[in-house]
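Counting from 161, one number per residue, gives the positions in the sequence shown under the working numbering. Below you'll find the structure, written out as structure tokens, and then a few comments.
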Amino acid sequence: MTKDRAVLVEATGGDATAVLQAAIDRTSAEGGGVVRLLAGEHVAGGLCLRSGVELNLAEGAVLRPIPDYDAFAGTTVSVIAEKSDRGMIVARGARDVALTGPGRIAAGGGRFIVGEEAAMGTFVPAAHRPRVVVFESCRGVRLENLAVDDSPMWTLHLVDCEDVTVRKVRVSNNRRLPNTDGLVLDACRRALIEDVVISTADDGICLKTSAGPDGEAIGRCEDILVRRAEVASLSCALKVGTESFGDFSKIVFEDCRVVDSNRGLGLFSRDGGRIANVRFSRIDVDCRETPDGFWGSGEGLTVTVLDRRPGRRAGAVEDLVVEDITGRMQGAIALVSASEAGIRNVSLARIRLAQTPGDLGTALRYDMRPTGADLAPAPNAAGRANAWTLGADGRVVGLVDYPGGLPAVFVKGVEGLSTEDVVIGRPEPLPAGWNSADIVRQAR
């Protein structure tokens, strides 16, 4: 990328899709450089980045994508997410591509709201919503010093990318709009994520290994370092899974802060990929109860392994280190395997958490969602597809009462658990529905 070659694009406030795409194409064809959007409002449909190009939003520049799914018919992608097959800004098979600020993308998520789900306190999204950024099979990716507001769906989705840097990026989404994950690293290798700030209604920073059109893993997720991130999430702030068709290894989250969130730290194995050599270090968490329609409720750490697809066993979770964790939670630490794959070799060290009662009582159950019932609900099933399903007893499938009440730590189907200096402060006297034992262990 030749940074001294810059194409300057003035803001017009009108549809600039053709002008911007022509500038990107020409810059790439001439050997690379910067396409810089100058201060003001730039309106565009789908844009495709090319090799060697940095799309830079200058100070005061606002990129405002057209709020119409059809405006992105030319920027489709191979990995479908929540019925979405397109992105606002995409790159496919590119080398040395960058999207940078200090300007911002005003993604217009409010235009993709079609109703309200009063019981959950959430909006009902449109059936089809574009992701903001999707880079597929790219090498040498940089997202830096950029702000993204009000995403309609997943915000930043990197798929099968290598040598990735995401630095000083801010994502601020509507906390009532579902499926607005902040940053998704999907089968990526060698990625550094640092100094990012994310606030969203769904997962904050999420590592996945999705399946391609053939049903097989698109790749593995390996050598990922996330540090100095601040995340507010109504799902799981720092997460590995749920899509887990390929393996995960050498994953580190360190020196992070989880604020005003549902779950803090989570590993979720469902689809056959092994999750190994993961470390969470020096993280402060603030986890609070949410209604039963949300997955989980106030857990500081959740690790679950479940076979959810017929004929496909979940992958094992092995060699997990969780150390130097502080803060508070209204749920528990829950480590549960319902699969023969199992959870093995877990170290919990130097953990100082305050466990406090919530107002909803939803933390009294541990959560095994997503299950097969969420993946393929029965035709007459009640609930919300791929979120929660009501069984014949009227209860949400996958929610299980803690035996004997809410403990501080619940362990089931785990081999090789070590604890060192784990202190969970609990109220005295214990609230109704709480277990008198701090740690409850069960065989699978």
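Backbone N, C-alpha and C define an ideal beta-carbon position, used for all residues, glycine too. All values reported here derive from a predicted model rather than from experimental measurement.
- Residues 517 of the same chain have their beta carbon placed closer than 6 Å to that of residue 591, with the five preceding and five following residues left out of the count.
- In this chain, the beta strand (DSSP E) harbouring residue 204 covers 200-204.
- Cβ-Cβ separation between residue 268 and residue 312: approximately 7 Å, consistent with a contact (criterion under 8 Å).
- Counted as a single uninterrupted DSSP element, the beta strand (DSSP E) harbouring residue 515 occupies residues 503-515.
- Distance between residue 329 and residue 534, taken at the CA atoms: about 33 Å.
- Of all alpha-carbon atoms in 246, 188, 243 and 291, the one lying nearest the alpha-carbon of residue 258 is that of 188.
- When the beta-carbon positions are compared, residue 456 and residue 396 come within less than 8 Å of each other.
- The three-state secondary structure of residue 179, taken from DSSP, is helix.
- Closest by C-alpha distance to residue 307, out of 260, 275, 373 and 271, is 260.
- Residue pairing by DSSP puts residue 444 in a beta bridge opposite 417 and 486.
- Looking at the backbone, the Cα of residue 178 and that of residue 224 are separated by about 14 Å.
- Around the beta carbon of residue 373, fewer than 16 other beta carbons sit within 10 angstroms, so the residue counts as exposed.
- Between the alpha carbons of residue 382 and residue 212 lies a gap of roughly 25 Å.
- Assignment of residue 184 by DSSP, reduced to helix, strand and coil, places it in the helix class.
- Going by DSSP, residue 407 is part of no beta strand (DSSP E) at all; its letter is neither H nor E.
- Taking the Cβ atoms as the reference, residue 562 lies roughly 6 Å from residue 524, within the contact range of under 8 Å.
- The Cβ atoms of residue 347 and residue 320 lie closer than 8 Å to each other.
- Within the region 515-598, the complete beta strand (DSSP E) segments at least 3 residues long are 525-527, 542-544, 548-550, 559-561, 569-572 and 574-585, listed from N- to C-terminus.
- Between the region 232-240 and the region 248-255 there are three or more inter-stretch CB-CB distances shorter than 8 Å, so the stretches are counted as touching.
- Contact between residue 244 and residue 291 holds: CB atoms are separated by about 6 Å, below the 8 Å threshold.
- In the DSSP assignment, residue 237 is bridged to no other residue.
- Here DSSP, grouped into helix, strand and coil, assigns residue 401 to strand.
- Your pair residue 416 and residue 386 checks out as a contact, with CB atoms roughly 7 Å apart and the cut at 8 Å.
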